[in-house]
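Chains as they are written, first to last, in the working numbering: chain S, 3 to 587; chain X, 645 to 759.
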């Protein structure tokens, strides 16, 4: 119903549509099947014709209040009931509430004798009666071609079929007629020549032992429709067609960032981690730690109180929990608290479509903020490359529409990490981390690059990815003249550098000590000189004193003489230490 | 459904089964094929089963709900309810030989009249 909004309004003027209620089909057909006209659904055995038709009726009766008549030529009412109840349709209940009438038309080849002219009025009467009894708007004729087995007069049959389709149109019911796929034409008995309004072709193909269902709208008179083949699924709650082309690229985007659980990786991604709702691809050769990064990412989400859903296609949940335990990452509490959920399945269990259906269903149920698919490649190996890419596209679209951050790991087989499929897939991804092995000096070391990170400044540097029992860490790889060094080579280089640093430190210390010693020696010398200098000064002083004493004595003597000779006292005192003389006096 | 009916019937009329014929003719109103079928059937019965048959005519135009019970697809349709097993012939019954084969009359009653 949601697709009936603005899109179908202009179209409904020329061609009214009858919504099928089947997920995806209404998108492809631009609102549903042509209202009041017959639609032919053809396909081989077991490709889901009856289920499509039955869902059309059940959805019509339960969602759009359009009662329906199911006229079945091959299966009895009880069989149909059993078949559709596996899809969760309560056909019996709808029949009881007079929303659906099931009429089983029994035709046994060879049981009926023919003599003379006849027509199929009996069928018309039954159909008319069933339609009028509940005011049906929808009619399903499930494998009308069974008539060709029961009745031998093909000329009459064809004339009557033509009349039947005309009558259905006049009756104004939207009809779905199923038919077996023919060898060279759409249907075995050429029913397509009577139904000119809408023809839908169903197909069930097996590629590499895995079957995938496809749906194609071959013809839709008077309306635009997707002409591609779309994969479709028969899940536990009905059919869903998965259109790729009809989904527009108009997801809401978030500026919020979420941490990866590895601080150093956050730092490489502009310091804050990935954008919320973005898609992340993690490629790497075997054993490079893809699952470990994934588990860290999931764990970080749980620590923020968000739900994380981990799809594992190679390891069992218990194995992942045990293995993460060995690097100090405890996931059990998160599983117990219900924040982390694992979903493990073998990729070869069923086809891509079923995996996708399961993934969608799990996501719809669990409503996670973070989804991890480990690894996406094992899923893609199951189908064709183009299908795999289409599937990833649909998955990413679905996740982005729900603002769910997704991390896909991708296992690369060869020595070279970038392979064709990755290159194709990577264009769908917002961020791409590459894990690689570096082999050298008899050891392998893990390194990590950020190949791209849309919308954020990110490091172009290689980092060595270390896994220890304390967790994971990223360290700078040594980049020197001899190239990138990792592992023990990096350690050796580091210790070399350390030794060199130590040596230069020691040299400095030695020179310092020597200088100090020199200074001390100099100081000692200075001390000696100073004492010598002081000794000189003392001598000087002594000399001065001696001279003074002698002078004084001399003056005294001279004064004595002067006094004796009656000399001028004052003149003699002024020139030759008069004050002293004065003091002495 | 046919089989179920076939089994139920004999309980009441097992003895008569060999003798008495019970036929049901489904028609649409008075359409030419319906009218022709009735007169043809009547003639055959008069020729081969005089006095030991009964034809019930059901007009589907008036009683459409009866169509599904006997699995009616085409009109006109004759159903031989008795003797068992149930047999069905469709058409205006214009080809008597086919009717005789269909009703199992030729084999049971007058095989020599076939030629």
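Using N, Cα and C, we set each Cβ at its ideal position, and we do this for glycine too. Fair warning: this is a prediction, and the values are worked out from it, not measured in the lab.
Close-in-space but distant-in-sequence residues of the same chain around residue i (CB under 7 Å, 5 per side omitted)
{"i": "residue 455 of chain S", "result": "271, 433"}
{"i": "residue 37 of chain S", "result": "18, 19, 20, 176"}
{"i": "residue 162 of chain S", "result": "121, 122"}
{"i": "residue 362 of chain S", "result": "400"}
{"i": "residue 477 of chain S", "result": "465, 466, 468"}
{"i": "residue 334 of chain S", "result": "323"}
{"i": "residue 243 of chain S", "result": "24, 25, 26, 27, 30, 217, 232, 234"}
{"i": "residue 370 of chain S", "result": "309, 310, 311, 406"}
Test: residue i CB closer than 8 Å to a CB of chain S
{"i": "residue 686 of chain X", "result": "no"}
{"i": "residue 743 of chain X", "result": "yes"}
{"i": "residue 735 of chain X", "result": "yes"}
{"i": "residue 697 of chain X", "result": "no"}
{"i": "residue 683 of chain X", "result": "no"}
{"i": "residue 677 of chain X", "result": "yes"}
{"i": "residue 700 of chain X", "result": "no"}
{"i": "residue 704 of chain X", "result": "yes"}
{"i": "residue 690 of chain X", "result": "no"}
Proximal residues to residue i (C-beta, below 6 Å), its chain only, five neighbours per side dropped
{"i": "residue 86 of chain S", "result": "56, 93"}
{"i": "residue 495 of chain S", "result": "480, 487"}
{"i": "residue 81 of chain S", "result": "none"}
{"i": "residue 101 of chain S", "result": "63, 69"}
{"i": "residue 723 of chain X", "result": "668, 714, 732"}
Residues sharing a beta bridge with residue i, DSSP
{"i": "residue 237 of chain S", "result": "S:240"}
{"i": "residue 91 of chain S", "result": "Its beta-bridge partners do not exist; DSSP assigns none."}
{"i": "residue 666 of chain X", "result": "X:698, X:726"}
{"i": "residue 432 of chain S", "result": "Beta-bridge pairing links residue 432 of chain S to no other residue."}
{"i": "residue 78 of chain S", "result": "Answer is none; residue 78 of chain S lacks a bridge partner."}
{"i": "residue 216 of chain S", "result": "S:205, S:233"}
{"i": "residue 731 of chain X", "result": "X:724"}
{"i": "residue 116 of chain S", "result": "X:734"}
Local conformation of residue i per DSSP, three classes
{"i": "residue 493 of chain S", "result": "helix"}
{"i": "residue 335 of chain S", "result": "helix"}
{"i": "residue 353 of chain S", "result": "coil"}
{"i": "residue 419 of chain S", "result": "Its pLDDT being 47, under 50, residue 419 of chain S is placed unreliably by the model, and nothing is read from it."}
{"i": "residue 533 of chain S", "result": "helix"}
{"i": "residue 49 of chain S", "result": "coil"}
{"i": "residue 180 of chain S", "result": "strand"}
{"i": "residue 676 of chain X", "result": "helix"}
{"i": "residue 69 of chain S", "result": "coil"}
{"i": "residue 445 of chain S", "result": "strand"}
{"i": "residue 639 of chain S", "result": "In the structure as shown, chain S starts at 3 and stops at 587, and residue 639 of chain S therefore has no counterpart that could be examined."}
{"i": "residue 255 of chain S", "result": "coil"}
{"i": "residue 222 of chain S", "result": "strand"}
{"i": "residue 464 of chain S", "result": "coil"}
{"i": "residue 748 of chain X", "result": "coil"}
{"i": "residue 22 of chain S", "result": "coil"}
{"i": "residue 451 of chain S", "result": "strand"}
{"i": "residue 438 of chain S", "result": "strand"}
Residue-chain proximity (residue i, chain X), Cβ-Cβ < 8 Å
{"i": "residue 172 of chain S", "result": "no"}
{"i": "residue 125 of chain S", "result": "yes"}
{"i": "residue 144 of chain S", "result": "no"}
{"i": "residue 128 of chain S", "result": "yes"}
{"i": "residue 93 of chain S", "result": "no"}
{"i": "residue 72 of chain S", "result": "no"}
{"i": "residue 352 of chain S", "result": "no"}
{"i": "residue 122 of chain S", "result": "yes"}
{"i": "residue 66 of chain S", "result": "no"}
{"i": "residue 131 of chain S", "result": "yes"}
Same chain, Cβ closer than 8 Å to residue i, neighbours up to 5 away in sequence not counted
{"i": "residue 291 of chain S", "result": "437, 448, 467, 469, 474"}
Check your understanding: Quick one, which residues of the region 104 to 118 of chain S are near chain X if we go by CB-CB under 9 Å, in chain order?
Key -> Taking 9 Å as the Cβ-Cβ cut-off against chain X, the residues of the region 104 to 118 of chain S that qualify are 105, 106, 107, 108, 109, 110, 113, 114, 115, 116, 117, 118.
Check your understanding: When you check each C-beta in the region 709 to 728 of chain X against every C-beta of chain S, which residues fall closer than 8 Å?
Key -> Residues passing the 8 Å Cβ filter: 709, 711, 712, 715, 716, 717, 718, 719, 720, 721.
Check your understanding: Using Cβ-Cβ distances below 8 Å, what residues of the region 74 to 87 of chain S are close to chain X?
Key -> Those residues of the region 74 to 87 of chain S that come within reach of chain X (Cβ to Cβ, closer than 8 Å) do not exist; the list is empty.
Check your understanding: In chain order, what residues of the region 177 to 208 of chain S put their CB closer than 8 Å to some CB of chain X?
Key -> The region 177 to 208 of chain S vs chain X, Cβ under 8 Å: nothing.
Check your understanding: Using a Cβ cut-off of 7 Å, which residues of the region 44 to 59 of chain S contact any Cβ in chain X, in chain order?
Key -> Taking 7 Å as the Cβ-Cβ cut-off against chain X, none of the residues of the region 44 to 59 of chain S qualify.
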